[in-house]
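Everything below concerns the one structure shown next.
Shown next as structure tokens:
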């Protein structure tokens, strides 16, 4: 349980008054809990969505949910996609791109990535019909955190230094598979709780998972070619990209499959 608590402390702003040593062992063990961390991070957004939808309408509910999803993480992953965009779209050398990604100054590409990410999440969520929208609020963070385990498992850390690289380089397919199995269980249970027909649950569960996994793996392969590997920023970016893709998949599923 220490690894689960550590991941909640690391990935969210929930105030858990426990001191757990941040070690590579705890970090790697905690990767399998990422989907559950995502579900816990989604709860405030889901509550805010339900209340705003009932009193103020779907449009306000969508923006409230997006804001709360950001608040729970302190914008950690948005910072990752912004820094990644600044680095990759600078079209400089590998070394210079890594320096730009580490720079705390936000550039034009980072601002564009931030705005587009938030705007697209709002638009997609607003257009998901019926209970599919609430399910999307609950499950896209699950799928995003599951995706990061694949992103971390298939590529090395780009920088030759100790620190988070030690933890990332010890994350492998075993952790990604374990996280995926947990995610499959969580998604299946919630789909059933929301009244999806039993025959459709396995199909929809697979449809929701495959795009995020493929995206995370392909993104890591691209970064391995451009940067020599992944970084903490690209891990955050992989979460945001997987969540965006998952919102789109939810929209398509609820529009054309259900």
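Residue numbers (UniProt numbering): 1 to 258. Even for Gly, the Cβ is constructed at its ideal location relative to N, Cα and C.
The C-beta of residue 181 has fewer than 16 other C-beta atoms within 10 Å across all chains shown, which makes the residue exposed. A straight-line Cα-Cα distance of about 19 angstroms links residue 242 and residue 63.
CA-to-CA, the gap between residue 22 and residue 6 works out to about 7 angstroms. Setting aside the 5 residues that flank it on each side, residue 135 is surrounded in the same chain by 190, 191, 194 and 250, each with a C-beta closer than 8 angstroms to its C-beta; the list follows chain order.
Residue 123 counts as exposed, since fewer than 16 other beta carbons sit within 10 angstroms of its beta carbon. Bounds of the alpha helix (DSSP H) holding residue 237 are 232-252.
Straight across, the Cα-Cα distance linking residue 128 with residue 160 is about 43 angstroms.
Residue 157 has 230 as its beta-bridge partners, per DSSP.
Between the C-alpha atoms of residue 53 and residue 46 there is a straight-line separation of about 10 angstroms.
A distance below 6 angstroms between beta-carbons, with the five flanking residues on each side excluded, links residue 69 to the following residues of its chain, in chain order: 45. When the Cα atoms are used, residue 256 and residue 111 turn out to be separated by approximately 34 angstroms.
For the 8 angstroms CB-CB criterion, residue 79 and residue 254 do not form a contact. Within the same chain, and ignoring the five residues on either side of residue 18 in sequence, the residues whose Cβ sits closer than 7 angstroms to its Cβ are 5. Counting along the chain, residue 8 sits inside the alpha helix (DSSP H) bounded by residues 2-11.
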